[in-house]
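Let me begin by presenting the structure, written as structure tokens, before commenting on it.
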Amino acid sequence: MRDNILTFPKIINLSVKTRLDDDVKLSEVRIIPLGNGYNIEIVYKKNITEPLNRKNNVIGIDIGVDNTVAISNNVGEKPNSC
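Each position in the sequence shown, counted from 1, maps to that position plus 5 in our numbering.
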């Protein structure tokens, strides 16, 4: 795979554009025949960075009867209205 294009061997002569990054490691590619075409399943491994763990920030969500949702936090930020 190069430049988000998955290229199969010359026997099949098929190239498929993907949304995968070049740094993924392909494990397997499965081509499944359907009634009117094919479904391509791509199995891959990718390194994931750990999310920031902010133990000091807390939010409370209250599903209510009068109000659909009420939210409060310990930082003092007001939620954005949609």
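Every residue, glycine too, gets a C-beta built ideally from N, C-alpha and C.
Check, Outcome
"Candidates D71, I47 and N61, of which the one nearest D26 by Cα", "I47"
"Range covered by the beta strand (DSSP E) that runs through R88", "In this structure the chain extends from 6 to 87, so residue 88 is not present and cannot be described."
"Coarse secondary structure for R24, derived from DSSP in three states", "coil"
"Beta-bridge partners of V48, as assigned by DSSP", "E33"
"Span separating the alpha-carbon of K83 from that of S77", "8 angstroms"
"Proximal residues to Y49 (C-beta, below 8 angstroms), its chain only, five neighbours per side dropped", "L25, V29, K30, L31 and S32"
"Limits of the unbroken beta strand (DSSP E) element including N78", "V74 to N78"
"For G42, three-class secondary structure by DSSP", "coil"
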